[in-house]
Amino acid sequence: MENTIIKAVKNYFHVQPEKIEALGGGFYGRAFLVTLPCDPSTIIAKLYLFPNFAAREAEQIQLLSKHSLLKMPEIYDVQEQNTSGLAYDIVFMEYLKGVNAGDFDVTKISENTREIICDEIVDNLIAIHNTVNPKGFGPLNTLQYYQSWQDYYYPIACKIVEKANELYHKKQISSNVLSIFEESIKYFDQIFYLPITKARLIHGDYNTWNILLAEDKTHAVAVIDPFDCCWADNEYDLYQLDNANGKGYGLLKRYSQKYPLSPNFKQKRCFYELYTEVNHYYNSHVEVNQEAVEQLAIKLKEFLIY
51 MENTIIKAVK
61 NYFHVQPEKI
71 EALGGGFYGR
81 AFLVTLPCDP
91 STIIAKLYLF
101 PNFAAREAEQ
111 IQLLSKHSLL
121 KMPEIYDVQE
131 QNTSGLAYDI
141 VFMEYLKGVN
151 AGDFDVTKIS
161 ENTREIICDE
171 IVDNLIAIHN
181 TVNPKGFGPL
191 NTLQYYQSWQ
201 DYYYPIACKI
211 VEKANELYHK
221 KQISSNVLSI
231 FEESIKYFDQ
241 IFYLPITKAR
251 LIHGDYNTWN
261 ILLAEDKTHA
271 VAVIDPFDCC
281 WADNEYDLYQ
291 LDNANGKGYG
301 LLKRYSQKYP
311 LSPNFKQKRC
321 FYELYTEVNH
331 YYNSHVEVNQ
341 EAVEQLAIKL
351 KEFLIY
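Residue numbers (the working numbering): 51 to 356.
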């Protein structure tokens, strides 16, 4: 990966990087801090393990930046395998200083500070969700939008059930989990019985791992790493608020106080969480955490008894 970064830096900045430091990554990419002998002196290089992710994330960040109250990184350049001869797609973006909001025990900061950070994180998400696409639901800049969320999301959910079936045959999920997938898709109309007519902008991976705090941990300063940002049901974003240490900040509770949840939010949340997590495991070819998926399936099953 370092060779890809060196080549891409030379392509765009026309210099040799002075230092490349691995920062970590997730299902789909790896991030590096790169020091340059020119301005900007430090950048983030994000390499993608799958094609077409670089341009997509750059587009998502650029749109979200227009509506986010918290800063998002400036995109410097996108280089793709098929046009640059690189081993990976890569995005160069602004390095934002800060402390990861999801990587520490929130009880170590004062209650008043937690309240401030909680409000900033939630207010930022609400500002994003208040951005509505009058054309309808779907990916960013698609040629076909849908007038209801259910019409757009149901085919996606059906494909995830097919993926769950494949994972079962690979012994990645249990027969119990598969049966809950097959049963829950039959209950789709009962779970999503309320109309969802406003296509709202979502981040797609809005958890505290993707929020940066000031170095003194007194307030939120930035948001990073969207995934599947699209025009959607805003509540599709919300299960992530409890991930990492989000419960410690009280994010979901605060969101619900400021932005009332749908009467069927609990069952939608369980559906979204199981389906999205299994979809990530399948698409990224990562070994499934069977215990975690089993628990998500059990939670969803509780709503399949009417």
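Ideal Cβ placement from N, Cα and C applies to all residues, glycine included.
(message) Using beta carbons (cut-off 8 Å, strictly below), is D239 in contact with chain C?
(response) Absence of chain C from the displayed structure is noted, only one protein chain being present.
(message) Using a Cβ distance threshold of 8 Å, determine whether the region 167–186 contacts the region 245–261, with at least three qualifying pairs required.
(response) yes
(request) Express the C-alpha separation of Y145 and D283 in angstroms, rounding to a whole number. (result) 31 Å
(request) Find out if the Cβ-Cβ distance for the pair V273, N183 is shorter than 8 Å. (result) The Cβ atoms of V273 and N183 lie no closer than 8 Å to each other.
(request) Return the chain-ordered ranges of every beta strand (DSSP E) run that is complete within the region 216–283 and spans a minimum of 3 residues. (result) 249–251, 261–263, 270–273 and 280–282
(request) Starting from the Cα of N215, find the closest Cα among Y325, C279, L83 and K351 and give me that residue. (result) Y325
(request) Within its chain, find whatever has a CB closer than 8 Å to the CB of L86; leave out the 5 residues flanking it on each side and keep chain order. (result) V59, F63, V65, P67, E68, T92 and I93
(message) I'd like the span of the alpha helix (DSSP H) that includes F142, first residue to last.
(response) Premise fails: F142 lies in the beta strand (DSSP E), D139 to E144, not in any alpha helix (DSSP H).
(request) Could you give the DSSP three-state label for L97: helix, strand or coil? (result) Note: L97 maps to strand in three-state DSSP.
(request) Determine the burial state of T258: buried for a count of at least 16 other Cβ atoms within 10 Å of its Cβ, exposed for fewer. (result) Per the 10 Å Cβ criterion, buried.
(request) Taking I230 as the reference, give the member of K267, S134, N162 and Q345 with the closest Cα. (result) Q345
(message) Taking the alpha helix (DSSP H) that D169 belongs to, which residues open and close that run?
(response) E161 to H179
(request) Identify the continuous beta strand (DSSP E) that holds T85 and give its terminal residues. (result) G79 to T85 is the span of the beta strand (DSSP E), which, as asked, contains T85.
(message) Check whether the region 70–83 and the region 93–109 touch, using three or more Cβ-Cβ pairs below 8 Å as the test.
(response) yes
(message) Just to confirm, is the Cβ distance from F77 to V338 under 8 Å?
(response) no
(request) Compare the C-alpha of V343 against each of P310, S225 and T268 and name the closest. (result) S225
(message) Taking the straight line between their C-alpha atoms, what separation do you get for D292 and T54?
(response) Answer to the nearest angstrom: the Cα atoms are 36 Å apart.
(request) Please report the residue range of the alpha helix (DSSP H) in which V343 lies. (result) Q340 to K351
(message) What does the Cβ neighbour count give for P313, buried or exposed, with the cut at 16 atoms within 10 Å?
(response) Result: exposed.
(request) Measure the C-alpha to C-alpha separation of A151 and K308 and round it to an integer number of angstroms. (result) The alpha-carbon separation between A151 and K308 amounts to approximately 21 Å.
(message) Can you list, in chain order, the residues of its chain with a C-beta nearer than 6 Å to that of S115? Leave out the 5 residues immediately preceding and following it.
(response) M122
(message) Between which residues of its own chain and A72 is the CB-CB distance below 6 Å, once the five residues before and five after are set aside?
(response) Same-chain partners within the cutoff: F82.
(request) Compare the Cα-Cα distances from K220 to each of E130, Q340 and S198 and report the closest residue. (result) Q340
(request) Could you tell me which residues DSSP pairs with G188 in its beta bridges? (result) W281
(message) Just to confirm, is the Cβ distance from K185 to Y195 under 8 Å?
(response) By the CB criterion at 8 Å, K185 and Y195 fall inside the cutoff.
(request) Rounded to whole angstroms, what's the CA-CA distance from C88 to G298? Just pull it up for me. (result) Note on geometry: alpha-carbon atoms of C88 and G298 lie some 41 Å from one another.
(request) Would you list the residues sitting across from G74 in a DSSP beta bridge? (result) Bridge partners of G74: A81.
(request) Use the C-beta contact count for N260: other C-beta atoms within 10 angstroms, 16 or more gives buried, fewer gives exposed. (result) buried
(request) For Q129, write down the residues that DSSP places opposite it in a beta bridge. (result) I140
(message) Suppose you measure from the CA of H269 to the CA of G74; what does that come to, to the nearest Å?
(response) 24 Å
(request) Would you give the residue range spanned by the alpha helix (DSSP H) that L302 belongs to? (result) L301 to K308
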